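Down below is the structure, laid out as structure tokens.
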Amino acid sequence: MLTDLLATSISKDVKSVKIHTPEKNVINTTHFYNGKCGGTMRSVVFLFTFCGMNKKIFIPVFFSLAAYISAAEPLCLSPVEASGISAETQASIPSLFKNYVDSQGSYQIVAEGCQKTASINVSKLGQATMVSAKIQDSENKPVWNHQVKILKEENMDKALAKLAEVMSSENQAAAPAVEPAVESVAKAEPAAEPVAEPVAEPTPKPAAEPVAAAPAPMPVAKAPAKQPAAQPVAAPAPAVYEAAPSAEPAPAKKPRIPNLYFGVGLGLTKFIGDEINAFTDYEPLTSYDFFFAYDSKYTITMLTLNISHKVNTVDRNNKVNNGDYYYYNYDKYEDITTDYIAWGFSFYYPILSGPIAPYIGVGMSATTFDIDYEYNSDEIRDNGLQAHIGGGILLNRNRRLNTWIHGEYFFNTYEPINHTFHGFSLLMRVSLGV
Numbered sequence: 064m065l066t067d068l069l070a071t072s073i074s075k076d077v078k079s080v081k082i083h084t085p086e087k088n089v090i091n092t093t094h095f096y097n098g099k100c101g102g103t104m105r106s107v108v109f110l111f112t113f114c115g116m117n118k119k120i121f122i123p124v125f126f127s128l129a130a131y132i133s134a135a136e137p138l139c140l141s142p143v144e145a146s147g148i149s150a151e152t153q154a155s156i157p158s159l160f161k162n163y164v165d166s167q168g169s170y171q172i173v174a175e176g177c178q179k180t181a182s183i184n185v186s187k188l189g190q191a192t193m194v195s196a197k198i199q200d201s202e203n204k205p206v207w208n209h210q211v212k213i214l215k216e217e218n219m220d221k222a223l224a225k226l227a228e229v230m231s232s233e234n235q236a237a238a239p240a241v242e243p244a245v246e247s248v249a250k251a252e253p254a255a256e257p258v259a260e261p262v263a264e265p266t267p268k269p270a271a272e273p274v275a276a277a278p279a280p281m282p283v284a285k286a287p288a289k290q291p292a293a294q295p296v297a298a299p300a301p302a303v304y305e306a307a308p309s310a311e312p313a314p315a316k317k318p319r320i321p322n323l324y325f326g327v328g329l330g331l332t333k334f335i336g337d338e339i340n341a342f343t344d345y346e347p348l349t350s351y352d353f354f355f356a357y358d359s360k361y362t363i364t365m366l367t368l369n370i371s372h373k374v375n376t377v378d379r380n381n382k383v384n385n386g387d388y389y390y391y392n393y394d395k396y397e398d399i400t401t402d403y404i405a406w407g408f409s410f411y412y413p414i415l416s417g418p419i420a421p422y423i424g425v426g427m428s429a430t431t432f433d434i435d436y437e438y439n440s441d442e443i444r445d446n447g448l449q450a451h452i453g454g455g456i457l458l459n460r461n462r463r464l465n466t467w468i469h470g471e472y473f474f475n476t477y478e479p480i481n482h483t484f485h486g487f488s489l490l491m492r493v494s495l496g497v
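Take the sequence shown: its letters are residues 64 to 497, numbered as in the numbering used here.
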């Protein structure tokens, strides 16, 4: 009986077994396939040989190993399908997954001779990588599937270990309970020798006295009924979770570098030419500046509105100009107001990229020139285009608070007093960066 059980337990892995009792003095010989349980079965035969058919020692050891061997279900592994990962990582997936699955004991990865096939798919979705595994039966029907999400390719081994653990635990939970083989043998042995019923001589007995019935035979252990083929069960939606969160903290979000500037400025504008300076007493106009600038790292685009103003008190008994502009009114003084308004755009190139950045550039503006008299309805008004070239120094660039030291030379294309005029301006600007 022991020989039959041994042959039944190892028939999947042993090519031929010859077992004789020690009384016949025959050496045990065993030949093995190079299958999934070669190393384990060699251990069984090794124990069998050295235990010498000592049932008290060998039977518990043998059935413990036989239960372990029969619990590992053979499983084939399809080629790995992967995208978005390195070839080195893809090549290491089969061996890693086999080690993790074999160590769980529920499945064992083999090359052939299996009823179920496992497959692994790896796909990168943005910053995350999805690692999914599934098992199909011989008819390609899905039996099990699961997914794991990782953030780094270095965590691939942890994802494979998690898949192997979930696959093994769910397979063990779904396996039917089987009575231990040792217990079945213990129950079956008494049934081999039924107890003979004693025959008594016939003697008259009262009718009321019950007749002793023959003892019931010992129950014979029956082989467990063959379980029906497992029907494929639709697996629930796989849980997606982070298998191996990185121990490194997430990098702090960098603050936005200001590159938009809103500011104001104050400075002086000076005209060049006697014809126009006669109305300003050769003094500069006070300039008020409002601007918006966009810093694209390589260029600075600026929109500006500049208002220059000057009030000059003159004696009308004196000539304002030796030309056509001579006014007098009984020794009275008169205020002459000069306004110069320019709005336009400029492009500047920053020479340096640090917090102190010199810059140069050109631009164009639409301007209005106006001279108004206090006691005279006459006035000089004209408008046109102005071209300018300028530059300066931007202090504290790409910060919240900035300072601009700016200067430019301008040239007007029109003639408000029969003469074209030009000049320059100096400004001190402050701005807020956003």
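Backbone N, C-alpha and C fix where the C-beta goes; we use that ideal spot for every residue, glycine too. Since this is a predicted model, take the numbers as computed values, not measurements.
Roughly how far, in whole angstroms, is the beta-carbon of residue i from the beta-carbon of residue j, given that I think they are within contact range, below 8 Å?
| i | j | result |
| --- | --- | --- |
| Gly-447 | Glu-471 | Contact doesn't hold; Cβ gap of about 17 Å is too wide. |
| Phe-474 | Phe-487 | With a Cβ gap of about 10 Å, Phe-474 and Phe-487 do not count as contacting. |
| Phe-342 | Ile-434 | 5 Å |
| Asn-184 | Glu-144 | 5 Å |
Hey, how far is the Cα of residue i from the Cα of residue j?
| i | j | result |
| --- | --- | --- |
| His-485 | Asn-459 | 32 Å |
| Thr-349 | Ile-456 | 21 Å |
| Ile-370 | Leu-489 | 13 Å |
| Ile-213 | Asp-165 | 23 Å |
| Ser-359 | Pro-318 | 17 Å |
| Thr-483 | Glu-437 | 25 Å |
| Ser-141 | Lys-197 | 10 Å |
| Thr-476 | Ala-429 | 10 Å |
| Ile-335 | Ala-450 | 15 Å |
| Ala-150 | Tyr-170 | 27 Å |
| Lys-215 | Gly-147 | 12 Å |
| Leu-366 | Gly-496 | 15 Å |
| Pro-321 | Pro-314 | 21 Å |
| Asn-203 | Lys-316 | 48 Å |
| Gln-190 | Asn-218 | 13 Å |
| Glu-442 | Ile-480 | 11 Å |
| Tyr-393 | Gly-426 | Any answer about Tyr-393 is weak, because its pLDDT of 37 lies below 50 and its placement is not dependable; what the coordinates show is given next. So the two alpha carbons sit approximately 46 Å from each other. |
| Tyr-324 | Ser-182 | 58 Å |
| Tyr-361 | Ala-420 | 11 Å |
| Ala-43 | Lys-333 | Residue 43 lies beyond the residue range present for the chain, which begins at 64 and ends at 497; the question has no answer from this structure. |
| Gly-407 | Thr-431 | 12 Å |
| Lys-179 | Thr-152 | 25 Å |
| Glu-338 | Asp-445 | 15 Å |
| Pro-347 | Leu-368 | 18 Å |
| Arg-462 | Tyr-351 | 24 Å |
| Trp-207 | Gln-199 | 7 Å |
| Asn-162 | Gly-417 | 56 Å |
| Leu-159 | Ile-172 | 11 Å |
| Gly-330 | Tyr-403 | 13 Å |
| Asp-344 | Ser-409 | 30 Å |
| Pro-205 | Ala-135 | 20 Å |
| His-372 | Gly-424 | 25 Å |
| Ser-201 | Val-229 | 22 Å |
Per DSSP, residue i forms a beta bridge with which residues?
| i | result |
| --- | --- |
| Pro-205 | Gln-199 |
| Gly-330 | Ser-350, Leu-490 |
| Tyr-436 | Ile-399 |
| Ala-450 | Met-427, Phe-474 |
| Leu-464 | Leu-495 |
| His-485 | Ile-335, Phe-474 |
| Tyr-345 | Beta-bridge pairing links Tyr-345 to no other residue. |
| Pro-498 | Look at the range of the chain in this structure, 64 to 497, and you will see that residue 498 is not part of it. |
| Glu-136 | Tyr-170 |
| Glu-442 | Asp-435 |
| Asp-220 | According to DSSP, Asp-220 bridges with nothing at all. |
Is there a Cβ of chain D sitting closer than 7 Å to that of residue i, yes or no?
| i | result |
| --- | --- |
| Ile-148 | As a matter of chain content, chain D is missing from the structure shown, which is built from one protein chain. |
Give every residue of the same chain whose Cβ lies closer than 6 Å to the Cβ of residue i, excluding the five residues on either side of it in the sequence, and list them in chain order.
| i | result |
| --- | --- |
| Ser-155 | none |
| Gln-235 | Ser-169 |
| Ser-231 | Gln-167, Ser-169 |
| Asp-220 | Leu-159 |
Tell me which residues share the same chain as residue i and place their Cβ nearer than 8 Å to its Cβ, disregarding the 5 neighbours each side in the sequence.
| i | result |
| --- | --- |
| Val-493 | Gly-326, Val-327, Gly-328, Leu-464, Asn-465, Thr-466, Trp-467 |
| Ala-174 | Cys-139 |
Counting only the same chain and skipping the five closest in sequence on each side, list residues whose C-beta sits under 7 Å from that of residue i.
| i | result |
| --- | --- |
| Tyr-422 | Ile-363, Tyr-411, Tyr-412, Pro-413, Ile-414, Gly-454, Gly-455, Leu-457 |
| Val-374 | Asp-398, Thr-400 |
| Ala-263 | Confidence at Ala-263 is low in this model, with a pLDDT of 49, below 50, so the placement of that residue should be treated as unreliable; the coordinate-derived value is given next. Cβ neighbours of Ala-263 beyond the five flanking positions: none. |
| Glu-478 | none |
| Gly-176 | Pro-137 |
| Asn-340 | Phe-334 |
| Pro-157 | Leu-140, Val-143 |
| Met-491 | Gly-328, Leu-329, Gly-330, Ile-468 |
| Lys-187 | Ser-146, Gly-147, Ile-148 |
Under the criterion of a Cβ to heavy atom distance below 6 Å, does residue i qualify as lining the ligand FMN?
| i | result |
| --- | --- |
| Phe-432 | Of ligands this structure carries none, so the ligand FMN is not represented either. |
Which ranges does the beta strand (DSSP E) cover as unbroken runs of at least 3 residues, wholly within the stretch 142-205, from first to last along the chain? 144-146, 170-173, 180-188, 191-199
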